[in-house]
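Notes to accompany the following structure.
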Amino acid sequence: MTDAKKNGLTYSDAGVDIDAGNLMVEKIKPHVRSTRRPGADVEIGGFGGLFDLKAAGFKDPILVAANDGVGTKLKVAIDAGKHDTVGIDLVAMCVNDLVVQAAEPLLFLDYFATGKLDPDQGAEIVAGIAEGCRQAGCALIGGETAEMPGMYRDGDYDLAGFAVGAAERGQLLPAGDINEGDVILGLASSGVHSNGYSLVRKIVELSGLGWDAKAPFDADKSLAEALLEPTRIYVKPLLKAIRETGAIKALAHITGGGFPENIPRVLPKTLAAEVDLAAIPLKPVFRWLASTGGVAEKEMLRTFNCGVGMIVVVDADKAGLVADALTAEGETVVTLGRMVARAEGAAGVIYKGQLAL
């Protein structure tokens, strides 16, 4: 081997295409600019993104941060070649965790890692992230694209998101006045959201259906399109209801772990949520998953949202007021149950009735 050959390698020879990265940055700039809001002028390219809390109207804010990913729902997107909605999921999983604390999402950053960068695919993903940010009212102020040959197979990628929000001091949730008899409202989910997809993919495998087959539970969509329905972003309706009614005591985002893991996180140890399973607006996708996979009710409840993506706790005499406020903002609201006394060591969620599986 000659000295010229020894010294002639480039980063591209190692599998990293700097030009492709630069092209992707140019492709995503319009999407990033579309997320501008007070406090952020949203121009990417620097070493860090800036946000002006004063310009956003905050006087004495507490910052709230959250990070999350999309999980193996990404494998569905990759296998189906449909990448325009998983960015919405990425934002949703983060900002829904902020709003449960009454924090307004302000800024978002993403991390996109892949084995071989396809600028068009990357731009499609970031377009979804920008759409999620617009739905949540937060600015996409930066991110990182990592091309890592050898870490990911060609075509594979992973996403992580980081969101920061704020609430004025003294206005965070959950409130300290949750009482026995308070009403539990549920906000309908858009579908499976972004949890349980390792089980979803296993069930699809057992069904023998391809991703381009007609969805058995939705005649208007392919199986991939139906299962890639993006996670609902509850931010704007909830913030409006919190501010206009002043009656919301606690919120719980129903993600991994379902009802039994997520609801108790916002409750005092002396109270439990009594939930009427028959009141849950179960979507056809969950019936299909349960029947095709032979998944028991208990497993459904701790793996999936089962049709309820957000829990709202309110005083009994304010339940109608809050439900009306959320309905006016486009949410489907159901009354799920009430708060009851919890014995020491008892479960934080008590079930009545059965899911309509």
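Each residue of the sequence shown is one higher than the one before, starting from 8 at the first, in my numbering.
Using N, Cα and C, we set each Cβ at its ideal position, and we do this for glycine too.
Given the structure is predicted, the values throughout are model-derived calculations rather than measurements.
Is it buried or exposed, residue i, if we count other Cβ atoms within 10 angstroms and call 16 or more buried?
| i | result |
| --- | --- |
| T9 | Note that T9 scores a pLDDT of 49, beneath 50, so its modelled location is shaky; the value from the coordinates is reported in the next line. Burial call: exposed. |
| D388 | Since the first residue of the chain shown is 8 and the last is 364, residue 388 is not available in this structure. |
| P37 | exposed |
| R250 | exposed |
| Y204 | buried |
| M158 | exposed |
| Y18 | exposed |
| E187 | exposed |
| N29 | exposed |
| V305 | First, the amino acid is wrong: residue 305 is Lys here, not Val. Under this definition K305 is an exposed residue. |
| D67 | exposed |
| G172 | buried |
| F58 | buried |
| S298 | exposed |
| V356 | buried |
| L245 | buried |
With respect to the beta strand (DSSP E) encompassing residue i, which residues constitute its N-terminal and C-terminal limits?
| i | result |
| --- | --- |
| P112 | E111 to T121 |
| M317 | V315 to V321 |
| M387 | Nothing in the structure corresponds to residue 387, since the chain is present only between 8 and 364. |
| I255 | I255 to H260 |
| L364 | Taken as a continuous stretch (DSSP letters only), L364 belongs to no beta strand (DSSP E), as it is neither H nor E. |
| D48 | Element bounds for D48: n/a, residue is neither H nor E. |
| L194 | V190 to A195 |
| S229 | D225 to S229 |
Quick check on this structure: which residue in the options has the alpha carbon closest to the alpha carbon of residue i?
| i | options | result |
| --- | --- | --- |
| T252 | A173, D24, V340 and K325 | K325 |
| C313 | A130, D322, V321 and V302 | V302 |
| A286 | T339, P244 and L328 | T339 |
| E281 | P267, V102 and P288 | P267 |
| F54 | T342, D163 and E151 | E151 |
| F293 | F311, D283, G46 and S214 | F311 |
| A129 | A143, Q108, D86 and K34 | Looking at the sequence shown, residue 129 is not Ala but Gly. The option with the nearest alpha carbon to G129 is K34. |
| G352 | V319, L278, L364 and Q361 | L278 |
| R208 | N269, L308, P291 and I85 | I85 |
| R176 | L70, M307, V98 and V329 | L70 |
| G64 | G168, A174 and M100 | A174 |
| A27 | A143, E154, A72 and D227 | E154 |
| N74 | R239, G265, A170 and G263 | A170 |
Return the Cβ separation of residue i and residue j in integer angstroms, given the expectation that the two are a contact with Cβ distance under 8 Å.
| i | j | result |
| --- | --- | --- |
| K89 | A231 | 6 Å |
| D163 | G217 | With 8 Å as the limit, D163 and G217 do not qualify as a contact, their Cβ atoms being about 19 Å apart. |
| V23 | P156 | 7 Å |
| V93 | V77 | 5 Å |
| D104 | S201 | That belief does not hold up - the Cβ atoms of D104 and S201 are roughly 12 Å apart, past 8 Å. |
| L192 | V321 | 7 Å |
| G316 | S196 | 3 Å |
| I318 | I255 | Not quite, the Cβ-Cβ distance comes to about 11 Å (not below 8 Å), so this is no contact. |
Return the first residue and the last residue of the alpha helix (DSSP H) that residue i is part of.
| i | result |
| --- | --- |
| G139 | P126 to A143 |
| Y204 | Y204 to S214 |
| H38 | I25 to R40 |
| T334 | A326 to A335 |
| T310 | E304 to T310 |
| N269 | G265 to N269 |
| I95 | V93 to V106 |
| K6 | Within the shown structure, residues of the chain are numbered from 8 to 364, placing residue 6 beyond reach of any answer. |
Do residue i and the ligand MN come close, with the Cβ less than 7 Å from some heavy atom?
| i | result |
| --- | --- |
| G28 | The ligand content of the structure shown is nil, which means the ligand MN is not present either. |
(Q) Taking contact to mean 3 or more Cβ pairs, one atom from each stretch, closer than 8 Å, check whether the stretch 135-152 and the stretch 110-118 are in contact. (A) The stretch 135-152 is in contact with the stretch 110-118.
**Q.** Cβ contact (3+ pairs, closer than 8 Å) linking the stretch 345-359 and the stretch 269-289
**A.** Short answer: they touch.
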